[in-house]
Amino acid sequence: MTAVLNWYDKLNEYFPVEEMKSRTHMETLLAEKEGIYGKDEGPDHVLMYAEFDDFLFVDYLYVSSESRGQGLGGKLIRKLKAKGKPVILEVEPVDYVDTDTSKRLKFYAREGFCHARRIGYSRRSLATGEKNDLEILYWSPDGAGEEAVEQAIFNGMRRTYEEIHTYKDADFYGVSYEPADAVFDFHRKQEQKEDLLEPFAV
């Protein structure tokens, strides 16, 4: 009989090592950032998120392979949208060899997310020592366009990085992550990236 995995083991099995926080890091966030860092867990899903006054950040969203395609992921995202705040998350650039990345982007395009094309985000993994480029997706409750919201999304991502991703990092990993100024860039409009979600728009 297969042992039932707990919430952390489910995440750790699904997400790549360079994206995973340690168990101690996440348990400490749940204990010490109560009211900000939260967990929504069920037999077939794990949703880890941070809720601030003016936005929400999706840290991890896991849906079991048996339950994918049944609307569970959308239901969880809509539960966050119902709070009436912008929802932010980070994704890997599309990898056509890894079909999961394409499916993920198609899912978020279907849920009405936009690509923050002016935000550059590259952070070094403490697990691998390598720099990883990530992209930011967001959903805005009032449907405001990128001009109106991307600066706010940029500020929200910096806050998430400083208060969640790097919280007590030296205690948990023995070394610290890079400062936010070395990780994020806000590009001029003429330097913005191509829309990551456009090929997946429905």
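Heads up, the sequence shown is in full-length UniProt numbering, so the first residue is 1 and it goes up one at a time.
We put the CB at the ideal spot given by N, CA and C, even for glycine.
How many Å lie between residue i and residue j at the Cα?
{"i": "residue 204", "j": "Tyr177", "result": "Outside the shown range of the chain, which is 1 to 202, sits residue 204, and nothing can be said about it."}
{"i": "Trp7", "j": "Gly120", "result": "31 Å"}
{"i": "Pro141", "j": "Arg78", "result": "11 Å"}
{"i": "Leu20", "j": "Asn12", "result": "Residue identity differs from the one stated: residue 20 is Met in this sequence, not Leu. Using only the alpha carbons, I get a separation of about 7 Å."}
{"i": "Glu198", "j": "Arg68", "result": "23 Å"}
{"i": "Gly27", "j": "Lys33", "result": "One point to set straight first is that residue 27 is Glu, not Gly, in the sequence displayed. One C-alpha to the other measures close to 10 Å."}
{"i": "Ala180", "j": "Asp133", "result": "14 Å"}
{"i": "Leu89", "j": "Ser22", "result": "19 Å"}
{"i": "Ala31", "j": "Glu18", "result": "23 Å"}
{"i": "Leu61", "j": "Lys106", "result": "15 Å"}
{"i": "Ser64", "j": "Val149", "result": "33 Å"}
{"i": "Gln70", "j": "Val46", "result": "15 Å"}
{"i": "His25", "j": "Tyr167", "result": "8 Å"}
{"i": "His187", "j": "Asp40", "result": "34 Å"}
{"i": "Gln192", "j": "Glu66", "result": "38 Å"}
Can you tell me whether residue i is buried or exposed, with buried defined as 16 or more other CB within 10 angstroms of its CB?
{"i": "Gly73", "result": "buried"}
{"i": "Ala82", "result": "exposed"}
{"i": "Lys10", "result": "buried"}
{"i": "Thr128", "result": "exposed"}
{"i": "Thr160", "result": "buried"}
{"i": "Ala109", "result": "buried"}
{"i": "Ala116", "result": "buried"}
Starting from the C-beta of residue i, find all residues in its chain whose C-beta is less than 7 Å away, skip the five residues before and the five after it, and write them out in chain order.
{"i": "Met1", "result": "Note that Met1 has pLDDT 41, beneath the 50 cutoff, so the model's placement of it is unreliable and the number below is only indicative. Counting only Cβ-Cβ distances below 7 Å, and skipping sequence neighbours, we find nothing."}
{"i": "Gly38", "result": "Tyr49 and Glu51"}
Could you name the residues of the same chain whose beta carbon sits closer than 8 Å to that of residue i, not counting the 5 residues immediately before and after it, in chain order?
{"i": "Val175", "result": "Leu126 and Asp169"}
{"i": "Phe184", "result": "Ile119, Gly120, Tyr121, Phe154, Met157, Arg158 and Tyr161"}
Grab me the residues of residue i's own chain with a C-beta within less than 6 Å of its C-beta, minus the 5 sequence neighbours each way, in chain order.
{"i": "Phe113", "result": "Leu137 and Trp139"}
{"i": "Leu76", "result": "Leu47"}
Alpha helix (DSSP H) segments (min. 4 residues) lying fully within the segment 141-176: 146-160 and 169-173
Which complete beta strand (DSSP E) runs does the UniProt domain "N-acetyltransferase" (1-135) hold, if anything under 3 residues is left out? 37-42, 45-51, 56-63, 87-91, 119-124 and 131-133
Assess, as a yes-or-no matter, whether the segment 45-63 is touched by the segment 147-163 under the definition of 3 or more beta carbon pairs within less than 8 Å. yes
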